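Taking it in order: structure first as structure tokens, then the write-up.
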Amino acid sequence: MQNTLWDHCLNSLKAGLSEQNYNTWIKPLYVIEDEEGPSLTLLAPNKFVVNWVQKNYLEQIKEAAENKLQAKTTVAISVGGETQQQYKSTKKKSAFNNTAVGSPLNGSYTFDTFVAGKSNQLAHAAAAQITENPGTSYNPFFIYGGVGLGKTHLMQAVGNKIKKSNSKTKVAYIHSERFVGEMVSALQHNTINAFKSSYRSLDVLLIDDIQFFAGKERSQEEFFHTFNVLLESNKQIIITSDRFPKEIRGLEDRLKSRFGWGLTVSIDPPELETCVAILKVKSELEGFDLPEDVAFFIASKIRSNVRELEGALRKVIASSTFTNQEPTIALAKESLRDLLAIQAKQITIENIQKTVAEYYNIRVSDLLS
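Structural data, given as structure tokens:
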């Protein structure tokens, strides 16, 4: 009963949370078998995650469980080491977590599912090269660009390929917000030495959205020393941000300088052809036959980022499936009516930059340099 119940809760939470929040706070949780009535006992990797989930998500978990069972449900959460029943889920935990610290890698983030194009070709090529010889080629590797352009996908694709080549390699993916949270928890519980050791013993560190460190002096101090230890040991570091490192306000100059020691590349919004290719690849993964003209229509209307493009595709697939209609441009227009209306009203600086760059056949990053 419990596995089915927890799966239901996961699906409900995944639908209602952003991908980042789901992967950071919900995905690391795992459930213990419990036959004593309608209840869920959850384990978290550390106290910080326990506190955050209790404060922000416990009611949502409880509501999802009660909707499934149609009965009052008790939900308890604790740190893994605090329960005597932990041994029951040891196998689940080891299969679920591919990393010693941080969040599990997303298995769907691979090079095979990443669509390369003009907007990301340098980042893609460099990432692929890193997997051949981690720690020596392009270290650190810094990827920057707007929201939803594939930075996290590409970063984790490197981690997944390295792990596939050698399962013993210690690879950790972590969002910078969680790094800060884990460090604060370690300071509170006097386990800072264990925290330092866990990160400094890694072979590959993938840290997302480094701009979150801005203004957090203690976190920057700790990351600075971790960075140095890993780099001196030829361990691979990959970092992402929403902007060029020197443009991150509140980030110490010594970190900005070190980020420039390796290779810094941008990922720009995808051009039309890449958008079409993304739609075709994603639809094939869903087992859905998307006609070429419909793909071009969606791509021409939704150009802001890959995440919104995939969201538009899901709406078209759902509409076609549920109404049992062939996917046509007319169906796409109807399915995306609200989204297209919003897009039509949006004249943003990013869209202006993209249009100018396409007209002169240059990259957005070149336009801004």
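Take 41 as the starting number for the sequence shown in my numbering and just add one per residue. Using N, Cα and C, we set each Cβ at its ideal position, and we do this for glycine too. Being a predicted model, the structure only gives us computed values, none of them experimental.
Alpha carbon to alpha carbon, how far is residue j from residue i? Give it in angstroms, no decimals.
i      : j      : result
Asn401 : Leu407 : 10 Å
Val346 : Ala234 : 38 Å
Asp293 : Phe264 : 11 Å
Ala135 : Pro144 : Its pLDDT being 35, under 50, Ala135 is placed unreliably in this model, and the value from its coordinates should be taken loosely. Cα-Cα distance, rounded: 10 Å.
Ser306 : Leu109 : 48 Å
Asn274 : Ile369 : 52 Å
Lys166 : Cys315 : Before going further, note that residue 166 is Ala rather than Lys in the sequence given. Roughly 21 Å between the two C-alpha positions.
Val244 : Thr153 : 21 Å
Ser129 : His48  : For Ser129, the pLDDT reaches just 41, beneath the cut-off of 50, and the residue's location in the model is therefore unreliable, leaving the point undetermined.
Lys394 : Arg403 : 8 Å
Phe337 : Val396 : 21 Å
Lys373 : Glu366 : 13 Å
Glu350 : Lys191 : 15 Å
Asn230 : Thr81  : 26 Å
Gly175 : Gly142 : 20 Å
Val119 : Leu50  : 19 Å
Lys95  : Leu83  : 15 Å
Thr361 : Gln228 : 51 Å
Lys286 : Gly186 : 16 Å
Thr139 : Ser241 : Model confidence at Thr139 stands at a pLDDT of 38, short of 50, so the residue's coordinates are unreliable and nothing is read from them.
Met223 : Phe151 : 32 Å
Asp378 : Pro331 : 22 Å
Val90  : Tyr62  : 14 Å
Glu172 : Leu325 : 26 Å
Asn363 : Glu59  : This sequence places Thr at residue 363; Asn is not what is there. Answer to the nearest angstrom: the Cα atoms are 28 Å apart.
Glu75  : Asn107 : Because the pLDDT at Glu75 is just 43, under 50, the model does not fix this residue reliably, and the value given afterwards should be weighed accordingly. Roughly 19 Å between the two C-alpha positions.
Asn86  : His193 : 25 Å
Gly56  : Leu380 : 22 Å
Ile170 : Tyr97  : 37 Å
His164 : Ile277 : 16 Å
Ala168 : Val211 : 16 Å
Lys208 : Glu398 : 45 Å
Gly327 : Glu272 : 46 Å
Glu257 : Ala111 : 47 Å
Asn206 : Ala335 : 38 Å
Ile288 : Thr266 : 20 Å
Using beta-carbon positions only, say whether residue i and residue j come within less than 8 Å of one another.
i      : j      : result
Phe219 : Ser259 : yes
Ser159 : Pro309 : yes
Gly302 : Tyr178 : yes
Ser359 : Ser340 : no
Ala255 : Gly221 : It should be pointed out that residue 255 corresponds to Gly in this sequence rather than to Ala. Going by C-beta atoms, Gly255 is not nearer than 8 Å to Gly221.
Asp248 : Ser216 : yes
Ile250 : Ser281 : yes
Gly188 : Glu348 : yes
Tyr184 : Arg343 : no
Ile117 : Val93  : yes
Gly157 : Glu313 : yes
With distances taken Cα to Cα, identify the nearest neighbour of residue i among the options.
i      : options                        : result
Lys102 : Val211, Thr114, Gln110         : Thr114
Tyr239 : Val224, Gln228, Leu270, Phe253 : Leu270
Leu246 : Phe284, Ile202, Thr231, Asn206 : Ile202
Phe181 : Asn107, Lys95, Leu162, Leu189  : Leu162
Trp46  : Ser58, Glu59, Gln60, Ser79     : Ser79
Gln100 : Gly185, Leu227, Lys54, Arg283  : Lys54
Ala105 : Thr44, Lys286, Gly188          : Thr44
Lys236 : Glu311, Glu262, Asn86, Val211  : Glu262
Asn268 : Thr171, Asn61, Ser297          : Ser297
Asp333 : Leu371, Phe252, Glu59          : Leu371
Leu295 : Tyr149, Val71, Phe253          : Phe253
Thr304 : Gly327, Phe328, Ala168, Ile279 : Ile279
Using DSSP's beta-bridge definition, name the partner residues of residue i.
i      : result
Ile307 : Gly185
Tyr213 : Ser143, Leu246
Gln276 : Val244
Ser281 : Tyr184
The ligand ZN and residue i: does the residue's C-beta get closer than 7 Å to at least one heavy atom of that ligand?
i      : result
Gly255 : Looking at this structure, you won't find the ligand ZN or any other ligand, since it has none at all.
Is there contact here, the segment 52 to 70 with the segment 349 to 361, by at least three beta-carbon pairs under 8 Å?
no
Counting pairs of Cβ atoms below 8 Å between the segment 314 to 321 and the segment 195 to 202, do you hit three or more?
no
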